[in-house]
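To start, the structure itself, in structure tokens.
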Amino acid sequence: MISDIVALRAFYSSLLGRLAERSLAMALSSIWSKSTSERLVGLGYTLPWLDRFGADAERAFAFMPAMQGAVPWPAGQASTTALVFEEELPLPDSSVDRVLMVHALEHTENPQQALLEIWRVLAPGGRLVIAVPNRRGMWARFENTPFGTGRPYSRTQLAEALREANFTATAWGDALHFPPSERRFVLRLHQLLEQAGRRFWPIFAGVLVVEAEKRLYQGLPVTARASRRVFVPVLSPQGATRVGALRRNQEREC
């Protein structure tokens, strides 16, 4: 099941969605180093956090997967939104400094290819920040939120996927320690539950957050060549010298 743009916007306009956005923003802030000259790309549904962190960037773009749909961003300004395929980003090599992925990796058809594509567009020393549903958390078990759809990850699985795509995890965080309930008494206690969960049961957080750095000086797997034959140009006079020598020898014998 994939959350489309309508469902995502409806969720984050609800009270539960606003509390989830605030919890995830706190986790991102703990590992996010501010920079005023970076080029930032949000991949997936990242608008709530691009509004927070994109103001510090030189340029910020909102890339939204084709299966999800897109909306213009930022509001009241020239749109920097693009509808993309995660495995073929419309960017040249080494063109951005940081990529933020939310509601993206768990829905990607080929996660490994998507990570390799992000590696391609990141500049040397570039950073990738990912937020994915935690396989052990409660939020991945309930479909009343976008974090209950797609493919959840454990910390080990996420670290292995990053390693295979030539990324090195540099910082970890977590969010959504309160249950995904829309009951008012639970929502009133969300701050207390969030603080208690962060301290006593972080392993059961609803979302895992990781920052990874692009790793250089390592070979990337490529498709094996089907043939190593060397082709000769069509206009090359192959054998002309040999034929001429034979004719001269025949004339001398006569």
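Residue 1 is where the sequence shown starts when you use UniProt numbering, and the numbers rise one by one after that.
Glycine included, every Cβ here is placed at the ideal spot set by N, Cα and C.
Query	Result
Over what stretch of residues does the beta strand (DSSP E) that includes T170 continue unbroken?	167–175
Kindly indicate which three-state DSSP category E143 falls into: helix, strand or coil?	coil
In angstroms, rounded to a whole number, what distance separates the CA positions of R225 and A75?	With a pLDDT of 44 at R225, under the threshold of 50, the modelled position of this residue cannot be trusted; read the value that follows with caution. Each residue's Cα considered, the two are about 48 angstroms apart.
How would you label V96, buried or exposed, when you count the other beta carbons within 10 angstroms and need 16 or more for buried?	buried
With a cut-off of 8 angstroms on the beta carbons, I'd call R155 and L208 a contact; round off their distance for me.	6 angstroms
Nearest by alpha-carbon distance to N144: which of F11, D4, F53 is it?	F11
Work out the CA separation of L158 and S13 for me, nearest whole Å.	29 angstroms
Using C-beta distances below 7 angstroms, list every residue in its chain close to A25, excluding the 5 sequence neighbours before and after it, in chain order.	W49, R52
Just the Cα atoms here: how many angstroms apart are A7 and L40?	25 angstroms
Nearest to P152 by alpha carbon, out of F61, V71, A140, Q195?	A140
At the level of alpha carbons, what is the spacing between P72 and G54?	15 angstroms
Whose CA, out of E106, A171, R127, lies closest to the CA of V210?	A171
Name the DSSP beta bridge partners of residue 311, please?	For the chain, the structure presents residues 1 to 254; residue 311 sits outside this window and is missing.
I want to see whether chain D comes within less than 8 angstroms of A123, judged by CB atoms only; does it?	No chain D appears in the structure shown, which is made up of a single protein chain.
In whole angstroms, what separates the C-alpha of Q68 from that of T108?	11 angstroms
Which ranges would you report for the beta strand (DSSP E) in the stretch 3–78 if only whole runs of at least 3 residues count?	39–44, 59–65
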